[in-house]
Structure formats: structure tokens, C-alpha cells
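> Just passing along the structure, written as C-alpha cells.
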């Protein structure tokens, strides 16, 4: 890791780096754009607590007043959640946020990139961005995919967000040579659903075997990303019929209101929460914590 990078490490993360002890990267758009206050703050604290219980240092990543923070102190976490109009920062937006002294949550693309800069090997998130529906009309493809292919980071997620064109997202990952390994699943999880996506060629039910595969992949491709697909616990997934009905209504509403680009995902997450009477929000909380647990177990070993 270069020493002249514009990164501010929390005292806990700095110590973990010095001690060469395991660190788990965590994104912050879940705080700034994924959940309402105070649920976002409570979820962030609970998620960090899961890593700590496993003996892993959590490093929530965000930009605050033009500074990149790798790990947030309780005060900085409060500051981020109380920001009135935080930016949603992809990788391409980081330089602007620093130069303009802005505050924002980092997406999967930005967080993956920053984990790579900071030397953090494992990053847990909710679901991947990817190829949006009607891509042939909009050309809307998330920067997450290319960013993952270019960073030496293992990303643990609950598959791809079901609001996407999931089969095309998988094809894009394959084109970018990003391996997607299913853990205790043979199909790509669909964020709120534990199964139902495209079949996965690579899968294992054994944690030790998963760790061995990740180490082998990393030894061959030291600078490229790996995705581990970790399904939401079945007890917490949305009922399939409710999911499909709510998603269809949400997509129609977004089209009617001409919601596009960066605004689409947070709009749909909020709309689905309303349509499912909060069940989708509960599912979101469950899956991020489940991913933090697996991510911590991997960070201890790879």
C-alpha cells in the first residue's frame, strides 16, 4: 500500500494494519442511500459488531468533507448518518468529492477500489449492481462490475439485486473474467430471494473448500476480483409472490416518474419497503449481516 494516498484510517483499522490482523471492508451507501434513519445507523453498528465478535476489525468506508475514511469512529458514523444530502459515490466520483469537499456513501465500485488501495482483502456488501433492465435502450450498466474485475478484493454479497437484468449481469461478469462462487447455493441468489437466479458453475457447501478455492484463485490472479454469492437466510427472504408483485409495481412507478441512473436503486429499495410494509427492509438488514458474518470468516483465513 502506498503511503501517500489520501486515506484516513480509524485508530482501530490503523492498528489492525500494523498488527497484520484481519479486516473486513464495508460499504456506506447502505447508510446514506439504502435505509432510513435511524435504521441505517443501527444496522451499521450491528454489522460492525458481527465482525468484531469474529475477531475481525470492521472498516466502514466513506467520504466525509472531502476526506476518504477507511473505518469510521462512532462520531464519524453519526456524522455520516446525519448528513442531509450525501452524495452517492461511485469510483468515478471520488476525485470530485475530494476536490469539492463533499460527503457521501461509497458504492460497491468505489468501496472495492478503496479496499484495494488500502490493502483490505475482503469486502461485504448487500447485493451487486449490474446490467439494468432495458439496457438496450439505456446502456445502464453499473460500474460495480468493471471495478470488481480490477481490484484484488473478494466481495461477499447476496447475489445481484433483483431489480436488474440478472442473466445479463452474470454474462457481463463472465466477460470480465470475474469468478462467481456460490456458497451453499447452486444458483445466483437474488438479494431478497435465496435462489432463482442463473445456475452457478462454481459452488461449494464447505467453508474450508471455499477458502482453498479463493486462495488458489488469488495466487493465479493477484490483481483481480472474486465474487462469493451468499444467499439470504431462507427464514428472512421475501415470499416469492410478494417479491414479484412489489418489484413489478416498483419498476412501473420508476418508469412513470422517469427515475434513472444513480437514483434508480435507492428509489426502488424505498418503494419496495413501502409496498412490502417493511419486509424488504428487514430482509436487507438480514442479508447484510449474513454477508458480514461470512466475510469475517473469510477475512480470518485469506
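Numbering (my numbering), first residue to last: 363 to 664.
Yeah, the Cβ is synthetic: ideal placement off N, Cα and C, and Gly gets one too.
(1) Under the three-state reduction of DSSP, which class applies to residue 597: helix, strand or coil?
(2) What is the DSSP secondary structure of residue 524, reduced to helix, strand or coil?
(3) Taking residue 474 as part of the beta strand (DSSP E), name the residues at either end of that continuous run.
(4) Which first and last residues belong to the alpha helix (DSSP H) in which residue 647 is found?
(5) Is residue 458 helix, strand or coil when you go by DSSP?
(6) From residue 525 to residue 563, what distance separates their C-alpha atoms?
(7) Report buried or exposed for residue 608, applying the criterion of at least 16 other Cβ atoms within 10 angstroms of its Cβ.
(8) Does the structure place the region 452-465 close enough to the region 411-420 that three or more beta carbon pairs sit under 8 Å?
(9) Based on DSSP bridge pairs, tell me the residues matched to residue 542.
(10) Within the same chain, show all residues whose beta-carbon is closer than 7 Å to that of residue 661, passing over the 5 residues directly before and after it, in chain order.
(11) Please report the residue range of the beta strand (DSSP E) in which residue 373 lies.
(12) Relative to the C-alpha of residue 656, which residue among 597, 486 and 442 is closest?
(13) Please state whether the Cβ-Cβ distance between residue 553 and residue 521 is less than 8 Å.
(14) Check residue 466 in the structure and name its three-state DSSP category.
(15) In or out: residue 617 buried (at least 16 other Cβ within 10 Å) or exposed?
(16) Going by alpha carbons, who is nearest to residue 446 out of 393, 421 and 473?
(17) Between residue 364 and the rest of its own chain, which residues show a CB-CB distance below 6 Å, the 5 nearest in sequence each way excluded?
(18) State buried or exposed for residue 475, treating a residue as buried only when at least 16 other CB atoms are found within 10 Å of its CB.
(19) Let's test the definition: count the other Cβ atoms within 10 Å of the Cβ of residue 381 and tell me whether it reaches 16, buried, or not, exposed.
(20) Tell me which residues share the same chain as residue 555 and place their Cβ nearer than 7 Å to its Cβ, disregarding the 5 neighbours each side in the sequence.
(21) Could you spell out the range, first to last residue, of the beta strand (DSSP E) harbouring residue 430?
(22) Between residue 531 and the rest of its own chain, which residues show a CB-CB distance below 6 Å, the 5 nearest in sequence each way excluded?
(23) So, using beta-carbon positions, are residue 611 and residue 637 closer together than 8 Å?
(24) Rounded to whole angstroms, what is the Cα-Cα separation between residue 574 and residue 581?
(25) Any idea which residues DSSP pairs residue 419 with across the strands?
Taking the definition as stated:
(1) helix
(2) coil
(3) From DSSP, residue 474 is part of no beta strand (DSSP E) but of the alpha helix (DSSP H) over 470-480.
(4) 641-661
(5) helix
(6) 23 Å
(7) buried
(8) no
(9) 589
(10) 384, 385, 386, 418, 483 and 484
(11) Note, residue 373: premise wrong, no beta strand (DSSP E); alpha helix (DSSP H) at 373-381.
(12) 486
(13) yes
(14) strand
(15) exposed
(16) 393
(17) Note that residue 364 scores 48 on pLDDT, short of 50, meaning its location in the model is unreliable and no value can be drawn from it.
(18) buried
(19) exposed
(20) 524, 599, 600, 602 and 605
(21) 429-432
(22) 492, 493 and 522
(23) yes
(24) 11 Å
(25) 385
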